[in-house]
Amino acid sequence: MSKHCKTFDHTADVGLEARADTLAELYEALAEGMAELICTRSSVVPAETRTLAVAAEDREALAVDFLAEVLGLVETERLMVASVKVRMSGETALTATVRCEAYNPGRHEIRTEVKAVTYHMLSVVEEGGHWTGTVVLDL
Amino acid sequence: MSKDFQGRLEQIDANRWRIPKDSRPDMRVDGIIYASAELIDDARSGGGLEQVANVATLPGIVRASLAMPDIHWGYGFCIGGVAATDVESGGIVSPGGVGYDINCGVRLLRSELPVDEVQPRLKSLVNQLFRDTPVGVGVGGPFEFSAKELKRLTAAGARYLLGRGLATQEDIETTESNGCLEGADPEVVSDEALKRGGDQCGTLGAGNHFVEIQVIDEIYDEPAADAMGLKRGFMAVMIHSGSRGLGHQVCQDAIKALRSAVQQYGIQLPDRQLVCAPVDSPQGRQYLGAMRAAANYAWCNRQLLAAQIRQTLERFFGQSSEALGLRQVYDVAHNIAKIETHTVEGRPRKLCVHRKGATRAFPPGHPELPEIYRATGQPVIIPGSMGTASYVLLGTQTAMEQTFGSTCHGAGRVLSRQAAIQKARGRRIDEELARQGIHARARGRTGLAEEQPAAYKDIDAVVQCVAAAGLSKKVARCRPLCVIKG
Numbered sequence: 000m001s002k003h004c005k006t007f008d009h010t011a012d013v014g015l016e017a018r019a020d021t022l023a024e025l026y027e028a029l030a031e032g033m034a035e036l037i038c039t040r041s042s043v044v045p046a047e048t049r050t051l052a053v054a055a056e057d058r059e060a061l062a063v064d065f066l067a068e069v070l071g072l073v074e075t076e077r078l079m080v081a082s083v084k085v086r087m088s089g090e091t092a093l094t095a096t097v098r099c100e101a102y103n104p105g106r107h108e109i110r111t112e113v114k115a116v117t118y119h120m121l122s123v124v125e126e127g128g129h130w131t132g133t134v135v136l137d138l
Numbered sequence: 034m035s036k037d038f039q040g041r042l043e044q045i046d047a048n049r050w051r052i053p054k055d056s057r058p059d060m061r062v063d064g065i066i067y068a069s070a071e072l073i074d075d076a077r078s079g080g081g082l083e084q085v086a087n088v089a090t091l092p093g094i095v096r097a098s099l100a101m102p103d104i105h106w107g108y109g110f111c112i113g114g115v116a117a118t119d120v121e122s123g124g125i126v127s128p129g130g131v132g133y134d135i136n137c138g139v140r141l142l143r144s145e146l147p148v149d150e151v152q153p154r155l156k157s158l159v160n161q162l163f164r165d166t167p168v169g170v171g172v173g174g175p176f177e178f179s180a181k182e183l184k185r186l187t188a189a190g191a192r193y194l195l196g197r198g199l200a201t202q203e204d205i206e207t208t209e210s211n212g213c214l215e216g217a218d219p220e221v222v223s224d225e226a227l228k229r230g231g232d233q234c235g236t237l238g239a240g241n242h243f244v245e246i247q248v249i250d251e252i253y254d255e256p257a258a259d260a261m262g263l264k265r266g267f268m269a270v271m272i273h274s275g276s277r278g279l280g281h282q283v284c285q286d287a288i289k290a291l292r293s294a295v296q297q298y299g300i301q302l303p304d305r306q307l308v309c310a311p312v313d314s315p316q317g318r319q320y321l322g323a324m325r326a327a328a329n330y331a332w333c334n335r336q337l338l339a340a341q342i343r344q345t346l347e348r349f350f351g352q353s354s355e356a357l358g359l360r361q362v363y364d365v366a367h368n369i370a371k372i373e374t375h376t377v378e379g380r381p382r383k384l385c386v387h388r389k390g391a392t393r394a395f396p397p398g399h400p401e402l403p404e405i406y407r408a409t410g411q412p413v414i415i416p417g418s419m420g421t422a423s424y425v426l427l428g429t430q431t432a433m434e435q436t437f438g439s440t441c442h443g444a445g446r447v448l449s450r451q452a453a454i455q456k457a458r459g460r461r462i463d464e465e466l467a468r469q470g471i472h473a474r475a476r477g478r479t480g481l482a483e484e485q486p487a488a489y490k491d492i493d494a495v496v497q498c499v500a501a502a503g504l505s506k507k508v509a510r511c512r513p514l515c516v517i518k519g
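Chains W and G supply the protein sequences, listed in that same order.
Numbered by this note's numbering, the letters in the first sequence go through residues 0 to 138 in order.
Numbered by this note's numbering, the letters in the second sequence go through residues 34 to 519 in order.
So this is what it looks like as C-alpha cells:
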C-alpha cells in the first residue's frame with residue numbers, strides 16, 4: 000500500500016498521521032483518514048462526485064485548507080466521503096475528486112464530529128523517499 | 034502530547050507563579066499563572082505554560098500574559114488564558130485567544146422546586162430531557178433559520194428572540210452583554226458558516242457540552258445567593274454550549290484570512306495558531322465583526338435551549354415556568370474577545386481582552402452589570418465536569434485590578450479522550466454515576482467515558498484557588514442530579 004493514515008491521541012482532540020509515496024497520496028491519506036473518523040468509508044456508496052481546487056502559501060497550509068474544504072462538504076452539504084483522488088499542481092496547489100454520498104442515517108453512523116482543522120503539530124515533510132504528514136483536528 | 038515546561042517559573046505567592054519576561058528574548062511581558070502548589074504540577078506538563086510564554090510575545094499586550102488555575106493546553110492560547118492588548122498602541126486581536134467555539138459559555142436557571150419533589154422522578158426526567166433536547170453529533174434542532182434570518186439573528190443576538198415567545202426581558206438583562214455584542218457584522222460571516230449554523234441554533238452539540246438538572250447543596254454567601262434567588266435544597270438547571278458549527282467555521286475562516294496579515298504587519302509569531310492583526314486594521318475589524326456575530330449566535334443558541342428545557346419542565350411537572358419559579362440567574366461567555374476599558378499603570382486604557390476558557394468576573398458597582406447585581410458583583414457560573422459539582426461565584430475588585438476582571442471557567446482536562454475511554458474499559462460510567470445519585474444519558478457510544486470525572490482536574494481545587502487569590506468569591510455549590518450529553 001502506498002498510502003496510509005492513522006490517528007493519535009491528543010488531549011481533547013485527535014491527530015492524523017499519514018505516510019505515502021507521493022505528495023498527492025499524502026493529501027489523499029489525510030483526507031480519507033479524516034473522513035474515516037467521521038463515518039466508516041466502507042459504508043459510503045460513491046454515488047456523487049465533488050471537485051475541489053485548493054491553493055495555499057505552503058504545503059502545510061495546503062493540508063489545512065484542503066481538509067477544511069473536505070470538512071465543508073460534510074458539514075454544509077451533508078455528504079459522507081468514500082474516497083479522495085488528488086492531483087498536485089506544484090507543491091502548494093491541488094485538485095481533488097471526492098467520491099461521496101448524501102448522508103443516510105439508516106446506513107451512515109456519524110462516529111465523530113470534527114469541528115475544525117487546526118495548525119497544531121502541522122507538518123508535511125519528505126524524508127527517505129516518502130512523505131509524512133501530521134494534522135490535529137478539533138473535535 | 035505531554036511536554037514538561039523547560040523555562041523559568043518563579044513562585045510569587047501561594048496562588049501565583051511568574052514566567053519572567055527576560056526568560057525569553059521575544060516576551061514583552063511576564064507570564065502570570067494562578068495556581069496552587071497542587072495545580073501547578075499539572076500545569077508544568079502538557080504545554081500550557083509554554084503557551085502562556087508565547088502569548089506574552091503578542092504586540093500591544095499589557096500587564097501580563099495570564100492563566101487561570103484550570104490551565105491546560107489549547108490552540109494558540111492555553112485554555113484558561115487571558116490577555117489584553119492596547120487598541121490604541123497597535124494591540125492585536127487573535128482568534129487563538131478566543132477559541133474555535135466562540136462564546137462557549139454557561140447559563141444557570143434557578144427554581145422554586147424543592148429537590149424532594151424532583152428526586153423520586155429523576156430517571157423519568159432525564160429520559161424526557163434526553164428525548165426533547167436536540168443533543169449529539171449530527172442532530173439538528175426544531176429551529177431552522179435561512180441565511181437572511183441568521184444575519185438578523187447574529188446582528189441582534191438574544192434580543193432577536195424577544196417577542197417570539199422564546200426570550201423574556203429578564204433573560205436578556207441577566208445575560209452577559211445583554212446577549213449581544215454590538216458591532217457584529219454578519220456580512221463578513223461566510224456562506225459556509227451560515228450553512229453550518231442554519232439548523233444548529235437551539236442544539237446542544239457533543240463533547241463536553243451538557244444540560245444538567247442540579248440541586249443547590251451549599252450556600253457560602255447568603256446575601257449574594259438571595260440576590261440570585263438561589264436556595265439550598267432547590268432545583269437548578271445548567272446549560273453548557275456554544276456557537277456550534279457556525280462559530281467553528283468563523284474561527285477557521287479567520288485564521289486562514291489572518292495568515293497573510295501577520296506578514297503584512299511584520300508580526301513574528303512563535304506559534305502559527307496565534308495569527309493575529311492589529312485591532313485597528315481592516316483584518317482585525319473583520320475578525321471582530323465575525324466573532325461578534327458568532328458570539329451573538331451562541332447566546333441565541335443557549336436561549337433556545339433554555340426555552341426548550343423550560344417547555345419540557347413545564348410539561349413534566351404540570352406547572353408553568355412562573356409557578357415553578359424557573360428564572361435565569363445569569364449567562365456567561367468563556368471564549369470571547371471584548372473591547373473594554375481597564376486601568377493600566379494608573380490610567381484608563383481601551384483594551385482588547387481575550388478570555389479563552391476564562392470567564393468575565395466584574396466587581397460590585399460595575400456599570401455593565403444589571404441593576405439586580407450592581408451591589409453584589411457579577412455572577413460567575415463555573416461548570417464542573419460530569420458528575421462533579423458546579424459553582425456560582427462573584428466577580429471582585431481584585432480580579433479587575435489583576436486579571437482584567439477575569440477568573441477561571443471550569444475544571445480543565447487532564448486525560449485525553451482516548452485515555453479516558455481506555456480508563457473506562459470494562460466499567461459502566463452510567464452505573465457509577467447512578468450510584469452517586471446522578472442519572473446520565475449520552476447520545477454517542479463513548480460520550481460518558483470521555484467525559485468521566487477522572488478526565489478533568491479537581492474543580493474544588495480550581496475554585497478554591499481563585500477564591501484564595503481573591504479573583505472570585507464563592508456563593509453556592511450545585512450538585513448534579515441529571516446530565517444529558519451528546
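Beta carbons are placed, not taken as given, at the ideal position from N, Cα and C, and that holds for glycine.
Would you call the CB atoms of residue i and residue j closer than 9 Å?
i: residue 384/G; j: residue 62/G; result: no
i: residue 332/G; j: residue 470/G; result: no
i: residue 391/G; j: residue 441/G; result: yes
i: residue 357/G; j: residue 272/G; result: no
i: residue 522/G; j: residue 104/G; result: What the structure shows of chain G is the stretch from 34 to 519, and residue 522/G is not part of that stretch, so it cannot be assessed.
i: residue 80/W; j: residue 34/W; result: yes
i: residue 87/G; j: residue 68/G; result: no
i: residue 72/G; j: residue 498/G; result: yes
i: residue 290/G; j: residue 336/G; result: no
i: residue 287/G; j: residue 218/G; result: no
i: residue 85/W; j: residue 17/W; result: no
i: residue 95/W; j: residue 83/W; result: yes
i: residue 92/G; j: residue 123/G; result: yes
i: residue 400/G; j: residue 409/G; result: no
i: residue 230/G; j: residue 183/G; result: yes
i: residue 419/G; j: residue 338/G; result: no
i: residue 84/G; j: residue 204/G; result: no
i: residue 52/G; j: residue 260/G; result: no
i: residue 138/G; j: residue 215/G; result: no
For residue i, which residues of its own chain have a beta-carbon under 8 Å away from its beta-carbon, when the five flanking residues on both sides are left out?
i: residue 34/G; result: Bear in mind that the predicted position of residue 34/G carries a pLDDT of just 43, short of 50, making it too unreliable to give a figure here.
i: residue 70/W; result: 33, 113, 115, 116
Which same chain residues, not among the five before or five after residue i, have their C-beta less than 6 Å away from its C-beta?
i: residue 386/G; result: 117, 371, 373, 437
i: residue 421/G; result: 486, 492
i: residue 450/G; result: 483
i: residue 115/W; result: 137
i: residue 511/G; result: 247, 249, 269, 423
i: residue 445/G; result: 103, 105, 490
i: residue 44/G; result: 50
Tell me which residues share the same chain as residue i and place their Cβ nearer than 7 Å to its Cβ, disregarding the 5 neighbours each side in the sequence.
i: residue 349/G; result: 158, 161
i: residue 144/G; result: 267, 268, 269, 357, 358, 359
i: residue 238/G; result: 274, 277, 519
i: residue 232/G; result: 173, 174, 177
Which partner residues of residue i appear in the DSSP bridge assignment?
i: residue 473/G; result: 516/G
i: residue 435/G; result: Note: residue 435/G sits in no beta bridge, so no partner.
i: residue 51/G; result: 43/G, 65/G
i: residue 137/W; result: 115/W
i: residue 38/G; result: DSSP output for residue 38/G lists no bridge partner at all.
i: residue 361/G; result: 142/G
i: residue 123/W; result: 132/W
i: residue 97/G; result: 63/G
Pair every Cβ in the stretch 275-285 of chain G with every Cβ in the stretch 423-442 of chain G, then say whether three or more of these pairs are closer than 8 Å.
no
Any 3 or more C-beta pairs closer than 8 Å across the stretch 507-517 of chain G and the stretch 458-475 of chain G
yes
Taking only runs of the alpha helix (DSSP H) that begin and end inside the stretch 6-63 of chain W, which ones reach a length of at least 4 residues, in chain order?
22-37
Which complete beta strand (DSSP E) runs does the stretch 69-120 of chain W hold, if anything under 3 residues is left out?
78-87, 92-101
Check whether the stretch 243-253 of chain G and the stretch 293-301 of chain G touch, using three or more Cβ-Cβ pairs below 8 Å as the test.
no
Completely contained beta strand (DSSP E) runs for the stretch 270-356 of chain G, where each covers 3 or more residues
none
Taking only runs that begin and end inside the stretch 113-164 of chain G, name each unbroken beta strand (DSSP E) of 3 or more residues, in chain order.
138-147
I want to know whether the stretch 225-244 of chain G touches the stretch 165-183 of chain G - three or more CB-CB distances under 8 Å.
yes
So, does the stretch 88-98 of chain G touch the stretch 121-133 of chain G, judging by three or more C-beta pairs under 8 Å?
yes
Could you tell me whether the stretch 119-131 of chain W touches the stretch 36-47 of chain W, using the rule of 3 or more Cβ pairs below 8 Å?
No, because fewer than three Cβ pairs between the stretch 119-131 of chain W and the stretch 36-47 of chain W fall closer than 8 Å, the two stretches do not touch.
Please list the segments of the beta strand (DSSP E) lying wholly inside the stretch 366-449 of chain G, counting only runs of 3 or more residues, in order along the chain.
Counting whole runs of 3 or more residues, the stretch 366-449 of chain G contains the beta strand (DSSP E) stretches 368-377, 380-389, 412-415, 423-428.
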